[in-house]
Amino acid sequence: MKSTFSLLCFLLTVCILPAVADNLTRYVNPFLGTATLWDKQDLHYERHKRSRTWGAETFPGAALPCGMVQVSPVTMFHSGSGYQYEDNKIYGFAHTNKGHWNLLHVPLLPTSARQINADDYASPFSHADEEARPGYYRVKLERDNIMAELTSTLRCAFHRYTFSSTAPKRLIVDITRNNNRVTDWHLRQAGARAFEGWQDGEGKIYFYAVSDVDITSVNTVKGKKHSVMVVNFADIPDSPVLRLRIGFSFVSVGNAKMNLEAEIGAQNFDDIAQTADSCWESLLSKIRVHGGTLRHKRIFYSCLYRSMMWPALRSDVNGDYTDVQGRICNGGFGYYTLPSFWDDYRNKLILLGLLLPHVTQDVLKTIIDMGEKTNGYMPTFFHGDHASTFVAGSWLRGLRDFDLQRAYALLLKNATVPGNEGRPYLDEYLKQGWIAEEAVDDVPYFDEYRAAVTKTVEYAYDDYATALVARELGDTANYNLLMQRSQNYRNVFDPSTGFYRGRTANGRFVRQFDPYYPYFAYQFREANAWQSLFYAPHDPHGVVSLYPSKKAVEQKLDSLFNQPWRGYEVENLTGFIGNYCHGNQPGHSQPYMYYFVNRQPKAQCILDSIMNHYYDMGREHLALAGMDDAGEMSSWFVFNAIGLYTYSPADPEYIVSVPLFPRIEFQVAPHRTFTIIRQGRGSKITSIRCDGQRLHGWFLSDILFKQGKMLLIQTAR
């Protein structure tokens, strides 16, 4: 079957290749991003609330690139990834994770307790007895003196528990709980050494588990507030180890068993862990950095590792998947979760396409399948319509194993036909060229309004991206229409303030306007007016023309980075340079605006500051400036560390900056490498040459990149 062939291709190209000599996985720290920022020196404001700020919300558990399974400890339910470094108890080891307050399917916790309290069963642990590396996690559970080890394949988890020699072996299955509302569940014994079932909460996941010890019973334990299920194993005093192999599927228990037999079978724990390490080694070695500090190398490979976790596989080894209509299908391709488009369209999905093109093309097929089964609208995520950027940017970078015409039909409907599944408030946008915001005063941060300014400027960019697809397909009429609409960002620019600003239905700018005050969804999405400056990645020169002069733009940029944050205590806004917020995505392209007013060294000063200070923050040096958001924060670092960034991700080009490392080798094809050389130690780029030919301007085309040439970036102080 084609799906089986695709899986074999994945294993051959990513997992079976021999590890290179210097073992890049040793640089990866899966704990990076699990800690929370608490101190004023990191937050740039005084923390008064008892609740946590949003950390990167990463998880330390075992996973393969874009796998179905992420098996990881849970220290708190209904938190970002379920794991917070400052916590000291583990409730179980869950099997799905994204870091977005969801998932955490089927939590399991071993115990040797003869009496289990369903309201109080979590085990204390210490970071001194905890270890994580790509594809492997280990921790000592202090309550019962059990060493728990975890590893995984694409669709399966392997648990190895070492008990004290005389202790009974039991397994708590917290089947009624994950990070969502669990609506249905089932668990039963399925043989002398097997149990099976499902849990329905953010997707119905099925599982089939096999142990190497006989199961004596499966029963429910009820407490005053909570209940759990318990799997009881036979006592074998001279064998302290319990091994548990678990297959998962979003289709059926039978498919979960099939996945288990195909991916683990009779293999032992150490073999699976070594295969996972080799898989990550092969992927990480596609970008090899030379020189630089050990600290930067560790951050780089930790970020590269984290960038490759999502979207997550949802189809089985035979290609079966459950579609958006709840039907079991088989399209002959890997079916994935919907990308986090608002977060990761900016850079992460492009990096995914460069490193895992086969996965990326299957993701493109997935979103086409989703869209055609959702009234013909391309799926959106949270805000904007950025599948358009993903489709255009992928196709124009040479990923062609998907049906562009079918994708375009969905994108065009999103851009031109109002409907519940498409762009919100599209009718207003089409009629007047902007989305109106309500005329209200004293809006608290978390109130939900239209985020009308952000929608308007992002729809303009989405129109541009869709226009690029129209041009590829020869649809001249819609290309011209969409390109005209791509200028709609101008309609919400207020020249009297120099900011984008909300407009009411009668066209007047909203009365309540303080560029320093942050909003969750009033005028701006998760930002203030400063953090929303200059957004129009397809037309930076057009943005400059909105101001009286380039000098005026430079002064505005200077103010962005030097006007201090005014102490607003907001959980999802952290990591400030002035009012620039690296802890959330809206401003991530802002430093590059200096390029377009002939002040590139100022941009590099900001980029260097971010890379040097915002990726191992906090008391334990394990915090990022803000949420990793499915890899977007990590991908930002990867691109900037190698001196290339996806300023306009829909366009097949990269803005050039000063690399963090003096030499980078990027494998752009199996036998083709693009080499980046930095000469000098300054922040000012004096010349950019590709194979000896001087580049005109700041952008490197994807064509030159894919040809496997050498880029020489010369700098001066």
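With mature numbering (1 follows the signal peptide of the UniProt record, and there is no 0) applied, the sequence shown corresponds to residues -21 to -1, 1 to 696, in that order.
Heads up, the beta-carbon is just placed ideally off N, CA and C, and yes, glycines get one too.
Model, not experiment: these values are computed from the prediction.
Selected residue, minimal CA-CA separation from residue i, among the options
| i | options | result |
| --- | --- | --- |
| Gly270 | Trp177, Arg660, Arg429 and Arg673 | Arg660 |
| Gly61 | Trp33, Cys584 and Gly46 | Trp33 |
| Gly566 | Leu586, Tyr547, Arg578 and Gln579 | Leu586 |
| Ser30 | Leu16, Phe645, His675 and Arg402 | Leu16 |
| Gly202 | Thr301, Asn96 and Ala252 | Asn96 |
| Leu536 | Ser524, Thr155 and Pro570 | Pro570 |
| Cys532 | Val635, Pro641, Val576 and Tyr284 | Here residue 532 turns out to be Val, not Cys, going by the sequence shown. The shortest Cα separation from Val532 among Val635, Pro641, Val576 and Tyr284 belongs to Val576. |
| Gln20 | Gly597, Val522, Arg122 and Tyr115 | Gly597 |
| Ala101 | Leu22, Leu150, His138 and Gly59 | Leu150 |
| Ala35 | Leu330, Ala648 and Met612 | Met612 |
| Phe488 | Phe503, Asn541, Ala415 and Thr445 | Ala415 |
| Ala430 | Gly59, Phe361 and Lys392 | Phe361 |
| Ala188 | His74, Asp256 and Asn507 | His74 |
| Ile215 | Asp191, Asn234, Ala506 and Glu548 | Asp191 |
| Asp322 | Met357, Leu292, Phe312 and Glu505 | Glu505 |
7 Å CB neighbourhood of residue i in its chain, flanking five on each side removed
| i | result |
| --- | --- |
| Asn124 | Ser143 |
| Glu599 | Ala14 and Tyr64 |
| Asp442 | Ala394, Leu461, Arg464 and Ser465 |
| Leu539 | Trp509, Leu512, Gly557, Asn558, Tyr559 and Gln569 |
| Val637 | Gln583, Gly622, Arg657, Ser662, Ile664, Ile692 and Thr694 |
| Asn158 | Phe56, His57, Gly61, Trp80, Asn81, Leu82 and Leu83 |
| Asn541 | Gly557 |
| Pro543 | Gly557 |
| Asp179 | Val161, Thr162, Asp163 and Trp164 |
Beta-carbon proximity list for residue i, same chain, < 6 Å, skipping 5 on both sides
| i | result |
| --- | --- |
| Phe381 | Gln340, Leu343 and Lys344 |
| Ile682 | none |
| Val220 | Thr141 |
| Asn309 | Gly298 and Asp299 |
| Tyr593 | Gly554, His561 and Ala604 |
| Val7 | Pro113, Tyr280, Ser281 and Tyr284 |
| Ala386 | Ile347 and Val370 |
Where residue i falls: helix, strand or coil (DSSP)
| i | result |
| --- | --- |
| Arg26 | coil |
| Thr(-18) | Here Thr(-18) scores only 39 on pLDDT, less than 50, and its place in the model should not be relied on; the value that follows carries that caveat. The answer is helix: DSSP assigns Thr(-18) an H, G or I state. |
| Val422 | coil |
| Ser680 | strand |
| Phe555 | strand |
| Ser218 | coil |
| Ala609 | coil |
| Pro52 | strand |
| Asn7 | Position check: residue 7 holds Val in this sequence, whereas Asn was assumed. If DSSP states are grouped into helix, strand and coil, Val7 belongs with coil. |
| Met689 | strand |
| Gln658 | strand |
| Phe653 | strand |
| Lys148 | coil |
| residue 700 | Because the chain spans -21 through 696 in this model, residue 700 falls outside it and cannot be assessed. |
| Phe72 | strand |
| Gly566 | helix |
| Arg598 | coil |
| Thr37 | coil |
| Ala695 | strand |
| Asn455 | Rather than Asn, the amino acid found at residue 455 in this sequence is Thr. Here Thr455 sits in helix by DSSP. |
| Ser614 | helix |
| Ala531 | helix |
Whole-Å CB distance - residue i paired with residue j, under 8 Å assumed
| i | j | result |
| --- | --- | --- |
| Glu242 | Cys135 | 5 Å |
| Ser105 | Phe72 | Between Phe72 and Ser105 the Cβ distance is about 17 Å, and since that is not below 8 Å, they are no contact. |
| Lys265 | Gly610 | Contact doesn't hold; Cβ gap of about 16 Å is too wide. |
| Val118 | Ala127 | 6 Å |
| Gly687 | Arg651 | 4 Å |
| Phe248 | Phe320 | Not quite, the Cβ-Cβ distance comes to about 37 Å (not below 8 Å), so this is no contact. |
| Asp426 | Phe499 | 7 Å |
Close beta carbons around residue i, own chain, < 8 Å, minus the five adjacent residues each side
| i | result |
| --- | --- |
| Pro44 | Val(-8), Cys258, Trp259, Leu262, Met287, Met288, Leu335 and Val338 |
| Ile667 | Val635, Arg673, Leu674, Trp677, Leu679, Leu690, Leu691, Ile692 and Gln693 |
| Leu375 | Leu447, Glu451, Ala629, Asp630, Pro631 and Asp681 |
| Val197 | Leu166, Arg167, Gln168, Phe174, Met208, Val209, Val210 and Asn211 |
Cutoff 8 Å: residue i Cβ touching any chain B Cβ
| i | result |
| --- | --- |
| Gln579 | The structure shown contains no chain B; it is built from a single protein chain. |
Near the ligand FMN: residue i beta-carbon under 7 Å from a heavy atom
| i | result |
| --- | --- |
| Asn157 | This structure lacks the ligand FMN, and indeed carries no ligand of any kind. |
If we require 4 or more residues per run, which alpha helix (DSSP H) segments fall completely within the segment 75 to 140? none
ask   = Mind pulling the alpha helix (DSSP H) runs of 4 or more residues that sit fully within the segment 155 to 211?
value = none
(message) Give the list of continuous alpha helix (DSSP H) stretches no shorter than 4 residues that lie fully inside the segment 305 to 373.
(response) 320 to 323, 327 to 334 and 336 to 351
- Go through the segment 618 to 645 residue by residue and report every complete run of the beta strand (DSSP E) that reaches 3 residues or more, in order. 632 to 635
Quick one: which unbroken alpha helix (DSSP H) runs of 4-plus residues sit fully inside the segment 459 to 524? Chain order, please. 519 to 524
### Uninterrupted alpha helix (DSSP H) stretches inside the segment 228 to 309 (no shorter than 4 residues)
232 to 242, 248 to 263 and 273 to 286
Completely contained alpha helix (DSSP H) runs for the segment 374 to 452, where each covers 4 or more residues: 383 to 395, 405 to 411 and 431 to 451
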